Every structure is written in C-alpha cells, then in structure tokens.
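Since the structure comes first, as structure tokens, the remarks are kept for the end.
Numbering (this note's numbering), first residue to last: 1444 to 1629.
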C-alpha cells in the first residue's frame, strides 16, 4: 500500500467516523427534545383556585392549591397544599386541608392525602370540631366525604378515635365506622 493510498483510506475513515459521531449527537439531541416536550405536555399552575357550582348555581365548594399540574396523558390533576371550602346548607362551611391531593378532570371526585384536617364550627359548640385522618375521598356531586383510615375527632378537650368515617356534607352528619372510643360531651 502506498503512502498516498494509506492517507486516502485514513482520511475516508476519519470522515466516516466524524459523520457517524455527528449523527449520534443529532439522535441524542432529538431524544432530549422529545423528553423535554413530554415533560411540558400539560399544564402547571401556582396559587390556583377553582369554584364548583352546586345544582342551584351557587358556589358549592372552593378548591385552592399552591400548585396544580396536569399531564396530557392523565385523567387526574395533582395538587399541593390543598384547601377545600365546602358550603353546607345547614351552617358554617367545612374547611378541609391536606398537603397533597388529586382531582379527576370532571372535578367531582377529590382524593386528599398526606394528613388531612377537616374543620367545622358547629352552631351548638363553642370549640370547632376537627377531624384528622391520613386520607379522605370527597365526592362533590354526592356531597360526601369518606375514609377507611384512622380518624381523630376533637372539639376542645372532647375526643373520639375511630377507624373509618363517612360524612354527609349537605346535612353535616358524621358517621364514625368502627373501633370508636373516647370521651365526648354532648
């Protein structure tokens, strides 16, 4: 092999290696761009608020979150630092707070978790009634809240502990499901 042939083969080899390397760089960049577009396919809001009307057109509940995110391929909106103010017909509104939550796109079913606190100021009690549980399912249309988890129900020095709870938000009726114990003065 002559020096000229060897030099030609070396140049062609370097050009082929350069073209292959450049093509790999373009593929990596394409993959990065596709991943970035998948990350932003949806919406992200801060200090978000949503008001859902009841059957009469009046506000039924107000949902407030420090952040709401929704991916295009999901049926759920994920939320952080959630507050739900639910207006019941028989008195003061229920205020529900939780570190995290998810709501379906129809805005009818909210799942809150991470340590949920439910507070209501009953007309016949000086102290507010506070329910604390790890998670709650709120059904807006059915006007119910429920959990199968442990619940701590307090009002001043009175308390009840239970496992499982269902709440009729329309009438303000709370039902503790099982293992109920504690001290509560009517």
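Yeah, the Cβ is synthetic: ideal placement off N, Cα and C, and Gly gets one too. Predicted model only: the values in this text are computed from it and were never measured.
Closest in alpha carbon position to residue 1625, among 1518, 1603 and 1611, is 1603. Separation of residue 1541 and residue 1522 (C-alpha to C-alpha, rounded to the nearest whole angstrom) is 10 Å. The beta carbon of residue 1510 sits closer than 6 Å to those of 1489 and 1523, all from its chain and outside the five residues before and after it, given in chain order. When DSSP reads this structure, residue 1492 sits in a beta bridge with 1507. The beta strand (DSSP E) runs of length 3 or more contained entirely in the region 1544-1614 are, from start to end of the chain, 1552-1563, 1572-1582, 1587-1598 and 1601-1611. For residue 1468, the secondary structure class from DSSP, reduced to helix, strand or coil, is helix.
Distance from residue 1597 to residue 1573 at the Cβ level is roughly 5 Å; contact confirmed, criterion being Cβ atoms closer than 8 Å. In the structure shown, residue 1515 falls within a coil segment according to DSSP collapsed to helix, strand and coil. Taken atom to atom, the span from the alpha-carbon of residue 1628 to that of residue 1503 is near 31 Å. Between the alpha carbons of residue 1621 and residue 1562 lies a distance of about 21 Å. In this structure, the beta-carbon distance from residue 1619 to residue 1529 does not fall below 8 Å. Among the bridge pairs identified by DSSP, residue 1486 is matched with 1513. Per the C-alpha coordinates, the member of 1565, 1547, 1546 and 1520 positioned closest to residue 1538 is 1565.
DSSP places residue 1616 inside the beta strand (DSSP E), whose first and last residues are 1616-1626. Residues of the same chain with a CB within less than 8 Å of the CB of residue 1583, apart from the 5 flanking positions on each side, are 1495, 1503, 1504, 1550, 1551, 1552 and 1553 in chain order.
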